[in-house]
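Contents: one structure, followed by commentary.
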Amino acid sequence: MTLADTVKADLTTAMKAGDRDRVGALRLVLSELQKAAKDGSADEQAVLRRERKRRVEAAAAFRDNGRIELAEAEEAEATIIEAYLPAELGDDELREIVRAAVAEAGATSPKDMGAVMKAAMPRIAGRADGKRVSALVNETLRS
Numbered sequence: 190m191t192l193a194d195t196v197k198a199d200l201t202t203a204m205k206a207g208d209r210d211r212v213g214a215l216r217l218v219l220s221e222l223q224k225a226a227k228d229g230s231a232d233e234q235a236v237l238r239r240e241r242k243r244r245v246e247a248a249a250a251f252r253d254n255g256r257i258e259l260a261e262a263e264e265a266e267a268t269i270i271e272a273y274l275p276a277e278l279g280d281d282e283l284r285e286i287v288r289a290a291v292a293e294a295g296a297t298s299p300k301d302m303g304a305v306m307k308a309a310m311p312r313i314a315g316r317a318d319g320k321r322v323s324a325l326v327n328e329t330l331r332s
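Numbering follows the working numbering, with no gaps: position 58 of the sequence shown is 247.
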């Protein structure tokens, strides 16, 4: 069963339960997944990460402009989307992956950051935000 099939089933359940907020969020997610499949993109997780990121950024923008109710709606959608993503890596796990990538790349200074990121990101496979990984790589290379 693909992720899109799971979302469809959950959408049907939410419709039957009358959960309008969840129905709206799942319809958007399903639409994006179907669009990506039609365009030939096979990475459903990337679609979900992108959509979650959009919601988080929109919520921050709404909060900055004093639109708390809209920010909360965006955050609720982001939470619904997160349920379909793999669990985020913990700090210790992420540090271990970064240490291994530094060793593999033979990195000795912040100038080697690109090589470390190239080695680390496939192992992380969307289970941590790129900014978080980048900050940790930078911190590791500076120490």
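No residue lacks a Cβ here, since even glycine has one placed at the ideal position from N, Cα and C.
Here the structure is a predicted model, which is why all the values come from computation and not from measurement.
The C-beta distance from G315 to R238 rounds to 6 Å, short enough to fall under 8 Å. Taking 8 Å as the cut-off, the Cβ atoms of V212 and V196 do not count as close.
Per DSSP, the continuous alpha helix (DSSP H) segment holding R243 begins and ends at E233 to D253.
DSSP places E263 inside the alpha helix (DSSP H), whose first and last residues are I257 to E271.
The alpha-carbon separation between A265 and F251 amounts to approximately 13 Å. In the three-state reduction of the DSSP assignment, L274 falls in the coil class, being assigned neither a helical nor a strand state. Counted as a single uninterrupted DSSP element, the alpha helix (DSSP H) harbouring D199 occupies residues L192 to A206.
Judged by DSSP in its simplified three-state form, G279 adopts coil rather than helix or strand. Annotation: S298 to T329 spans about 9 Å, alpha carbon to alpha carbon.
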